[in-house]
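Take a look at the structure set out below.
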Amino acid sequence: MGEDGESPKINHSFLRDYVTEADVISTVEFNQTGDLLATGDKGGRVVIFQRETQSKGEPEELGESGEYNVYSTFQSHEPDFDYLKSLEIEEKINKIRWLPQQNAAHFLLSTNDKTIKLWKVSERDKRPEGYNLKDEEGRVKDFSTVTSLQVPVLKPTDLMVEVRPRRVFSNGHTYHVNSISVNSDGETYLSADDLRINMWHLGITDRSFNIVDIKPANMEDLTEVITAAEFHPKHCHLFVYSSSKGTLRLCDMRASALCDKHSKIFEEPEDPGNRSFFSEIISSVSDVKFSHSGRYLLTRDYLTVKVWDLHMEKGPVETYQVHEYLRSKLCSLYENDCIFDKFECVWNSTDSVIMTGAYNSFFRMFDRETGRGVTLEAWRESSKPRAVLRTRRVYTGGRRRRGDVGVDSLDFTKKILHMAWHPAENIIAIAATNNLYIFQDRVNPETQ
Amino acid sequence: MFSKGTKRKFPDGGEELPEEGLPSSNEELASASYSLQRQSLLDMSLIKLQLCHMLVEPNLCRSVLIANTVRQIQEEMTHDGSWQTAAMIEAIAAAGSGCSGAGAPPERLVATEVLCRPGREMTGGSDAEPKLFSVMGYDGCREEEVVAVEEDSICSEAASNVCLSGSMGHCWERGVLRGERELDSRLGAPDEDVDVEEEDEEEEDNDLEGCRDEGEAKATRQVFGTFEIKNSHPGPESALEELFSDVDPSYYDLDTVLTGMQAAPKIGPYDLLDSLSQSHSPSSLGSAANCRSDLNELDHIMEIIVGS
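Read top to bottom, the protein sequences are chains A and B.
Following full-length UniProt numbering, the numbering of the first sequence begins with 1 at its first residue and continues without gaps.
Following full-length UniProt numbering, the numbering of the second sequence begins with 1 at its first residue and continues without gaps.
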C-alpha cells in the first residue's frame, strides 16, 4: 500500500497478502475441442482462455503444445437481491458448460444460484471501411462534401472478442442451482437445484419442464437433497442425479414426464465396520460424471472416488481412497466445516484415468488399469513453469520419506475443488483458490 | 480430537449397559467419554444449525446433513435412555407464561460438562416419549416474513417459520458464551448477553437436561426459523447497564435486529472492506446481526485505511 508515511506502525501486510474473495475460482471447464477453457469466479466473472495455435509452417514438435492465454473476460452475473425473502443472491458462478460448436461463434451456459445465462462469444477481426455517409470516426458527414460513391470494404483489424448474453433463464429455481448439463440433442439442457431438476430448451427462456422433484410435502420430512446431475453423453433421454445420502439415480425421460421414479438406483450398502455419526455426511456425493463412453459413472464423496458400471446397481466397480487418513479426523473436519467441502472429479479423454482434488493444494490421479494413485501438488512455490511435477505423499505411518507431509500439517484452507481435463489431450486445468494451473503431459501429450 | 467411529454400543436398544463382560471402571469411563463426545457433537451440530440461519442463504445440503446427524444422535440417545423427561419440561413450559413456547421458565442451558456429570438426572420418569424432532421450516426463514415478535418474547405458535423458544434460546446463549466464544458472534443479539448475565447460577442445576432436550427438540424443529432470542428476563438491570453501557441501544431494537439479520449482506472479513465503500445506513450495518465485534473490526480497518 504505502500511501503515506505518517503511520509507520500500522501493518499493511495483511492487505497485501489476502486473497480477494471475488477472485476465488468456482468452476473450470474446457470446451469440446479443448481450445477454449472457461473459468468462473465468486465475483461473477468469467475468464476464457484460448490455446495458442502453432504458427503456420512450423513443424509441430511432439510435446510442444500451445499455451493458454486470456481470450476474453466478462461479468456474467451480478449480485442480486431477492426482495420476497430479503436475501442476497450470490453472483458466484457455480457451473459453466460449453455448447457444442455449430458455427464460428462459441456458446456457453453459466449459472449462479438462481439464474442461468447463455452467452455468445464471437470474434471480430474485420471492420468495414469507406462508408459514404459516415467518416472514419463514425460521425455523419456533411453531404455536400460527398462527391463520389464508394463501396465499403472489409479491412482486417485487431482481433476483438465480443461476448453477449443471448438468453437469460431466470425464475426457474427456488433453491440453489448446483449443476447444469447440456443434452446430447444439442437443444435442451438440465439445471438442478437442491430439490428439483428442470429441463430447458436453449431457445425458450420463459418455460421449463420440471423433471425431478424430491421436495417433500412437509418440509419437516426433508432428509435428502440433490447434489449433482448430468445428462448421458450419448442418450438424450437418460440422465443421472446424485444425492446427499450417497445414492445415484438414473432416470429415463421416456418413462414419464416426471422422473421422480428412477429407472435405476445405484447405492452401496454401508460398511458396518466404519459406521460413525459422520457416515452419512461423508457418503454424500459431491460430484457425478459420466464417462466419455457413457458406460460408467464417476462419483466423489468425501473420502473416495468410485467408478460405477451402469449395468450394475448394487455397488461401484472400483473404489479409490483419496485421503483415507482423514477418517480419524472427521470430528475436527466437521467442526471446521471442511467435511462439507464439495470436490469435483473428472475423467481423462479415454476414461482410463480419473482425477480429483484434496487438501493442501494436493490433487490425486488414479490409473484405472493399474489401480494405483498418485498425489500431485498445485502450488506456485514448488513448481516453476515447465518444471516436472513431483509426486507428493502424506505420511500416515511406516517409513517416513523426505518430503512427506504429516496429516496434521495439511492446510485445509488450500483445497482443490474444481478441475477439468482436456477432452482429447493430457492437459489438465486445476483451480487452486484464486489461481489456475494448467499442466500438460509432455511424455504422452496425445492420448492413444 | 475425538476418535472416529464411535462405536454403537447398544445394538438392541434399551440396554443401559453393554452386555459383554462385567462393567468395569474402564468401561464406565469409556461409556462416559463416549457420552461426552456424543453430547459435544450434538451441541456442535445444533450450534451449526443455528449459525446457518445467519448466512444469507443457508446451504440446504449442509443443513440437511447436520440435521440428520442431530437426529441420529438423538435416536441413539433415546435408545441409551439418556433422553430425559422432555415431557416434564414441556409441562413446565406450558405452565409458563404466554402462548409461546418461549415461556418464562427459568430453564437455562448448562455447559456440557455439567450435563454429563453422572447422577444429574431429572426427577421423575425416564420413560419420556423420545422427542424425536422433525426438522421443519426449511422454507421458513426464506419464504415467509419474519414473524413479528411481541416485546421480548417469541411467538412461536401460529407461524410455521419461527423463532426459537426461549429455553432453547438460552441454551444457545450459554453455549455460545461459554463454550464457543470463537464462533461468529453474529449469533447473538445483545439481549442474549443480557439474559445470560442475569442467569442465576443456581438455577442452572434445575431442569438442565430437560431444558437441553426440550430445547433441542424445539430447535431442530424450527431449524430455519428466525431465532432471535429475545426472552429477556427482568433482572438486575443496573449491573447489566453498567456492563453494556457502551453498546448502542439500537442493537436492542428487535426490528433492527430482525431486519438487519435478514437483510444484511453476508459479512465476511473481506466484505467488511467492501461495505466500507458503500453507504450503508446505520440501521442495516449497525444491526446486531453484524455484532459488536464486526464493528470493532470495521473500526480497526477504517483506522488503517484512513490512516488516522
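Cβ coordinates follow ideal geometry from the N, Cα and C atoms, glycine included.
None of these values were measured; they are calculated from a predicted model.
Taking only the alpha-carbon atoms, compute the straight-line gap between residue i and residue j and give it to the nearest angstrom.
i: R372 of chain A; j: G203 of chain A; result: 45 Å
i: T304 of chain A; j: Q321 of chain A; result: 5 Å
i: residue 451 of chain A; j: G186 of chain A; result: Given that chain A is displayed from residue 1 to residue 448, the structure contains no residue 451 of chain A and the question cannot be resolved.
i: Q39 of chain B; j: P58 of chain B; result: 24 Å
i: S33 of chain B; j: G81 of chain B; result: 16 Å
i: L159 of chain A; j: D404 of chain A; result: 48 Å
i: Y189 of chain A; j: A387 of chain A; result: 40 Å
i: R400 of chain A; j: M419 of chain A; result: 30 Å
i: E76 of chain B; j: F277 of chain A; result: 10 Å
i: W98 of chain A; j: T115 of chain A; result: 16 Å
i: F266 of chain A; j: D301 of chain A; result: 14 Å
i: Q440 of chain A; j: T350 of chain A; result: 16 Å
i: A432 of chain A; j: N68 of chain B; result: 31 Å
i: G40 of chain A; j: T73 of chain A; result: 10 Å
i: I226 of chain A; j: C331 of chain A; result: 24 Å
i: Q37 of chain B; j: V161 of chain A; result: 58 Å
i: R327 of chain A; j: V70 of chain B; result: 20 Å
i: T226 of chain B; j: V121 of chain A; result: For T226 of chain B, the predicted structure reports a pLDDT of 36, less than 50, and the residue's modelled location is therefore unreliable. A value from the coordinates is still provided. When rounded, the distance between both Cα atoms is 44 Å.
i: P269 of chain A; j: N183 of chain A; result: 31 Å
i: V168 of chain A; j: L118 of chain A; result: 6 Å
i: H201 of chain A; j: S208 of chain A; result: 7 Å
i: S242 of chain A; j: L222 of chain A; result: 16 Å
i: I305 of chain B; j: D299 of chain B; result: 10 Å
i: E224 of chain A; j: Y68 of chain A; result: 40 Å
i: V212 of chain A; j: D125 of chain A; result: 45 Å
i: D142 of chain A; j: Y71 of chain A; result: 39 Å
i: V374 of chain A; j: I354 of chain A; result: 11 Å
i: E136 of chain A; j: Q102 of chain A; result: 34 Å
i: G397 of chain A; j: V407 of chain A; result: 10 Å
What distance in whole Å lies between the Cβ atoms of residue j and residue i, which are believed to be in contact at a cut-off of 8 Å?
i: P316 of chain A; j: Q32 of chain A; result: That belief does not hold up - the Cβ atoms of P316 of chain A and Q32 of chain A are roughly 28 Å apart, past 8 Å.
i: N132 of chain A; j: D113 of chain A; result: Wrong, their Cβ atoms sit about 51 Å apart, outside the cutoff.
i: N435 of chain A; j: R380 of chain A; result: 7 Å
i: L42 of chain B; j: I73 of chain B; result: 5 Å
i: E123 of chain A; j: V153 of chain A; result: So it is not a contact: roughly 19 Å between Cβ atoms.
i: A378 of chain A; j: F366 of chain A; result: 17 Å between Cβ atoms; not a contact.
i: T356 of chain A; j: C345 of chain A; result: 4 Å
i: A229 of chain A; j: F239 of chain A; result: 6 Å
i: F340 of chain A; j: L417 of chain A; result: F340 of chain A to L417 of chain A, Cβ: 11 Å. No contact.
i: Y359 of chain A; j: D411 of chain A; result: 7 Å
i: W421 of chain A; j: N348 of chain A; result: 5 Å
In the structure shown, what three-state DSSP assignment does residue i receive?
i: L376 of chain A; result: strand
i: Y320 of chain A; result: strand
i: N434 of chain A; result: coil
i: D252 of chain A; result: strand
i: C259 of chain A; result: coil
i: T39 of chain A; result: strand
i: T350 of chain A; result: coil
i: V305 of chain A; result: strand
i: P128 of chain A; result: strand
i: L62 of chain A; result: In this prediction, L62 of chain A scores a pLDDT of 47, lower than 50, which makes its location untrustworthy; the coordinate-derived value is nonetheless stated afterwards. Looking at L62 of chain A - three-state DSSP - the assignment turns out to be coil, as it is neither helix nor strand.
i: H418 of chain A; result: strand
i: M44 of chain B; result: helix
i: S191 of chain A; result: strand
i: F290 of chain A; result: strand
i: T53 of chain A; result: coil
i: V28 of chain A; result: strand
i: E66 of chain B; result: A small fix is needed here, since residue 66 of chain B is Ile in this sequence, not Glu. It is helical.
i: F143 of chain A; result: helix
i: G273 of chain A; result: helix
i: T174 of chain A; result: coil
Have a look at the DSSP bridge pairing and note the partners of residue i.
i: Q440 of chain A; result: A:I427
i: S72 of chain A; result: A:I48
i: E230 of chain A; result: A:V240
i: E123 of chain A; result: A:V161
i: G34 of chain A; result: Paired residue(s): none; G34 of chain A is not in a bridge.
i: L118 of chain A; result: A:L109, A:R167
i: T356 of chain A; result: A:C345, A:R364
i: M199 of chain A; result: A:L190, A:F209
Using 8 Å as the cut-off, can you tell me whether the region 242 to 252 of chain A makes contact with the region 275 to 287 of chain A, which would need three or more C-beta pairs spanning the two stretches below that distance?
yes
Determine, using beta-carbon pairs with one atom in the region 32 to 52 of chain A and one in the region 68 to 85 of chain A, whether at least three such pairs fall under 8 Å.
yes
Residues in the region 192 to 223 of chain A having any Cβ partner in chain C nearer than 8 Å:
Any reference to chain C falls outside this structure, whose protein chains are A and B.
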